[in-house]
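*Asks:* When we follow the working numbering, the leftmost residue of the sequence shown carries the number 1, and every step to the right adds one.
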Amino acid sequence: MSRMQKLAQQFNQFFGYQGTHECHAPGRVNLIGEHTDYNGGFVLPAAINFGTDIVAAKRDDNKVKVLAVDINEEVSEFALNDIQFDEQYSWSNYVRGVLIALQKVFPKVGGADLAVSGNVPQGAGLSSSASFEIAVLKCFASLYELPLDGVKAALLGQQAENEFVGCSCGIMDQLISAMGHKGHAMLLDCESLDIAHSSIPAALDLVIINSNVKRGLVDSEYNTRREQCETAARAMGFKTLRPATMQDLQASKDKMSDAEYRRAHHVITENQRTKDMFDALNAADMATMSRLMGESHVSMRDDFEITTSQIDYLVEIIGDVIKEQGGVRMTGGGFGGCVVSLVPKNLTEAVKQVVNEKYEAKTGLKASIFVCSAEQGAFAG
Ligand code: GLA
Numbered sequence: 001m002s003r004m005q006k007l008a009q010q011f012n013q014f015f016g017y018q019g020t021h022e023c024h025a026p027g028r029v030n031l032i033g034e035h036t037d038y039n040g041g042f043v044l045p046a047a048i049n050f051g052t053d054i055v056a057a058k059r060d061d062n063k064v065k066v067l068a069v070d071i072n073e074e075v076s077e078f079a080l081n082d083i084q085f086d087e088q089y090s091w092s093n094y095v096r097g098v099l100i101a102l103q104k105v106f107p108k109v110g111g112a113d114l115a116v117s118g119n120v121p122q123g124a125g126l127s128s129s130a131s132f133e134i135a136v137l138k139c140f141a142s143l144y145e146l147p148l149d150g151v152k153a154a155l156l157g158q159q160a161e162n163e164f165v166g167c168s169c170g171i172m173d174q175l176i177s178a179m180g181h182k183g184h185a186m187l188l189d190c191e192s193l194d195i196a197h198s199s200i201p202a203a204l205d206l207v208i209i210n211s212n213v214k215r216g217l218v219d220s221e222y223n224t225r226r227e228q229c230e231t232a233a234r235a236m237g238f239k240t241l242r243p244a245t246m247q248d249l250q251a252s253k254d255k256m257s258d259a260e261y262r263r264a265h266h267v268i269t270e271n272q273r274t275k276d277m278f279d280a281l282n283a284a285d286m287a288t289m290s291r292l293m294g295e296s297h298v299s300m301r302d303d304f305e306i307t308t309s310q311i312d313y314l315v316e317i318i319g320d321v322i323k324e325q326g327g328v329r330m331t332g333g334g335f336g337g338c339v340v341s342l343v344p345k346n347l348t349e350a351v352k353q354v355v356n357e358k359y360e361a362k363t364g365l366k367a368s369i370f371v372c373s374a375e376q377g378a379f380a381g
């Protein structure tokens, strides 16, 4: 039985009737372009074969009732005209926030019963929350036949997260969950929201290794990085770091702190690496991809300071196996979470082996390894 079929049964058992709609939105892995999205820069993520499933049906009142089958079957219920922040069931704030944002554009949205289940590892930097937001939006768009496209849906998801949940994230996670293409990575210009897709060569496995480092202080560190970038941009006379060049940065070095300088240095160089990576992917030029991913990791470690010793170790031991035949770097917001690796298929077993042999012995933590595929976004047709 598929996950969705099981969820349909659970819907039936709980609500006592058949759900009418099934929706899915994927999580994501970012190949390169980290902490660039909220700076108006470039990112290159792929949607993955882990995500959030929802089985739903319309109600004829204005209530929303959500069953979280993976979270002790907790149930959250609220009226669409009176949506409050839920301190107890914090997961439900993603649904609540999204519905506040959606109603501003489509005031006639009505109630629904929802059963939700997801398999994106939480707190791993693989966007479980964005996949939840986009699945909810897809669900209401289908139930109420709303003319909602993927870009608009992504903006509403981001708005929910920024204004209701309280995380000042950029647009990458929601946009790739909505608009990714199967087998492809997506170059996104976070200023214009222009999109271009490039296929991931069939000879490569997309391997994600979860360090299982418990992430602490993520939101506050994330928001501090964001402020430092904004201060550095202002010191150069810009609104965002997008137009800034290395020359601008050098010229304004004295007008900013050392930390602000290094944060801006990461973003400016990362934007260039992300565009170069897209070209290298199009040309299936693995040696260049390998170098760019390696440089991106070093930049996150030294300039942006968002890696941890365990993550650096994973990157080191995997890099020793794949050399310039593959690429590896930390992915996502940082301070733990996952490493992403493009691995030639004949080396995937060796990568798994080295992680299993060395990582736990060195760090006391067990890594989880996922050989993933790039999948279709929820609104990508
Ligand atoms: C988190 C945020 C994204 C992005 C990444 C870092 O995933 O939600 O918007 O900023 O961190 O690249």
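For each residue, glycine too, the CB sits at the ideal point set by N, CA and C.
Per DSSP, what kind of secondary structure is I171 in: helix, strand or coil?
*Replies:* I171: coil per DSSP, three-state reduction.
*Asks:* For N39, count neighbouring C-beta atoms within 10 Å of its own C-beta (all shown protein chains included) and say buried if the count is 16 or more, exposed if not.
*Replies:* So N39 ends up on the buried side.
*Asks:* So what's D248 in DSSP terms, helix, strand or just coil?
*Replies:* Note: D248 maps to helix in three-state DSSP.
*Asks:* If you follow the beta strand (DSSP E) that G97 is in, where does it begin and where does it stop?
*Replies:* Segment S92 to V105 is the alpha helix (DSSP H) holding G97; no beta strand (DSSP E) there.
*Asks:* Tell me, please, whether the segment 272–291 touches the segment 303–313 by the rule of three or more beta-carbon pairs shorter than 8 Å.
*Replies:* No: the two stretches stay apart, fewer than three of their Cβ pairs being nearer than 8 Å.
*Asks:* For A293, count neighbouring Cβ atoms within 10 angstroms of its own Cβ and tell me buried if that reaches 16, exposed if not.
*Replies:* Here the sequence assigns Met to residue 293, which means Ala is not the residue at that position. The residue in question, M293, is buried, as its Cβ has 16 or more Cβ neighbours within 10 Å.
*Asks:* Could you pull out every residue in the same chain whose Cβ sits closer than 7 Å to the Cβ of A259, ignoring the five residues on either side in sequence?
*Replies:* Correct list, in chain order: Q228.
*Asks:* Might you give, ordered along the chain, the residues of its own chain that have their beta carbon closer than 7 Å to the beta carbon of N212, omitting 5 neighbours on each side?
*Replies:* Answer for N212: L365, K366, A367 and S368, listed in chain order.
*Asks:* For L188 versus L206, is the C-beta spacing smaller than 8 Å?
*Replies:* Not a contact, by the Cβ cut-off of 8 Å.
*Asks:* Could you have a look at K63 and say whether DSSP puts it in helix, strand or coil?
*Replies:* Looking at K63 - three-state DSSP - the assignment turns out to be strand.
*Asks:* Sort M330, I209 and V98 by Cα distance to V351 and report the nearest one.
*Replies:* If we check each option's Cα against that of V351, I209 comes out closest.
*Asks:* What are the boundary residues of the beta strand (DSSP E) that A79 is part of?
*Replies:* Taken as a continuous stretch (DSSP letters only), the beta strand (DSSP E) holding A79 covers E74 to A79.
*Asks:* Within a Cβ cutoff of 6 Å, which residues of the same chain sit near M4, ignoring the five residues on either side of it in sequence?
*Replies:* Answer for M4: E22 and D53, listed in chain order.
*Asks:* Nearest-angstrom Cα distance between G41 and N12?
*Replies:* Between G41 and N12, the C-alpha separation is close to 45 Å.
*Asks:* Which residues share a DSSP beta bridge with V201?
*Replies:* It is worth fixing the name first, because residue 201 is Pro in this sequence and not Val. Answer is none; P201 lacks a bridge partner.
*Asks:* Among V120, H24 and V66, which residue has its Cα nearest to the Cα of G337?
*Replies:* Nearest option by C-alpha distance: V120.
*Asks:* Could you give the C-beta distance for M186 and G180, rounded to a whole number, given that I count them as a contact under 8 Å?
*Replies:* The pair is a contact, with the Cβ atoms about 6 Å apart (cut-off 8 Å).
*Asks:* At what residues does the alpha helix (DSSP H) containing E305 begin and finish?
*Replies:* That residue, E305, is in no alpha helix (DSSP H); it is neither H nor E in DSSP.
*Asks:* In angstroms with no decimal places, state the Cα-to-Cα distance between N30 and E324.
*Replies:* Distance between the alpha carbons of N30 and E324: 19 Å.
*Asks:* Identify which residue in M246, A141 and R59 has its Cα closest to the Cα of L102.
*Replies:* Closest option to L102, Cα to Cα, is A141.
*Asks:* Pick out the complete alpha helix (DSSP H) segments inside the segment 102–173, 4 residues or longer, and give them in chain order.
*Replies:* Listed in chain order, the complete alpha helix (DSSP H) runs (minimum 4 residues) inside the segment 102–173 are 128–143 and 150–159.
*Asks:* For the alpha helix (DSSP H) that contains H184, what are its first and last residues?
*Replies:* Element bounds for H184: not the alpha helix (DSSP H) but the beta strand (DSSP E), H184 to D189.
*Asks:* Spatial neighbours of E161 within its chain, please: C-beta separation below 6 Å, excluding the five flanking residues on both sides.
*Replies:* So the qualifying residues of the chain are C167 and C169.
*Asks:* On the CB-based measure, 16 or more other CB atoms within 10 Å of its CB, does D254 come out buried or exposed?
*Replies:* It counts as exposed.
*Asks:* For Q88 and A115, I'd like the C-alpha separation in whole angstroms.
*Replies:* Whole-angstrom Cα-Cα distance: 18 Å.
*Asks:* Quick one: is A37 buried, meaning 16 or more other Cβ sit within 10 Å of its Cβ, or exposed?
*Replies:* With the sequence shown as reference, residue 37 is identified as Asp, and Ala is not the correct amino acid for it. Answer is buried; the Cβ neighbour count reaches 16.
*Asks:* I want to check one thing, is the minimum distance from the CB of E34 to the heavy atoms of ligand 1 below 7 Å?
*Replies:* Yes.
*Asks:* With a threshold of 8 Å, are at least 3 pairs of Cβ atoms found where one atom belongs to the segment 308–320 and the other to the segment 356–363?
*Replies:* Cβ pair count under 8 Å is three or more, so yes.
*Asks:* I'd like the list of long-range same chain contacts for Q122, defined as Cβ closer than 6 Å, with 5 residues on each side in sequence excluded.
*Replies:* Around Q122: S128.
*Asks:* For R28, I'd like the list of residues in its chain whose CB is within less than 8 Å of its CB, leaving aside the five on either flank, ordered along the chain.
*Replies:* So the qualifying residues of the chain are P45, A46, A47, I48, L126, S127, A130, S131, M172, D173, I176, S177 and G180.
*Asks:* Quick one: is the Cβ of C169 within less than 7 Å of any heavy atom of ligand 1?
*Replies:* Yes, the Cβ of C169 comes within 7 Å of a heavy atom of ligand 1.
*Asks:* Starting from V55 and walking both ways along the alpha helix (DSSP H), at which residues does that stretch end?
*Replies:* V55 -> not in any alpha helix (DSSP H); beta strand (DSSP E) instead, spanning P45 to K58.
*Asks:* From the DSSP output, in three-state form, read off N212 for me.
*Replies:* Residue state, collapsed to three classes: coil.
*Asks:* Below 6 Å CB to CB, which residues in the same chain sit around Q10 once its five sequence neighbours on both sides are set aside?
*Replies:* The residues are V69 and A115.
*Asks:* Return the chain-ordered list of same chain residues with a C-beta closer than 6 Å to the C-beta of D248, the five sequence neighbours on each side being excluded.
*Replies:* Counting only Cβ-Cβ distances below 6 Å, and skipping sequence neighbours, we find M236.
*Asks:* Just to check, is the beta-carbon of N30 closer than 7 Å to a non-hydrogen atom of ligand 1?
*Replies:* Yes, the beta carbon of N30 sits closer than 7 Å to at least one heavy atom of ligand 1.
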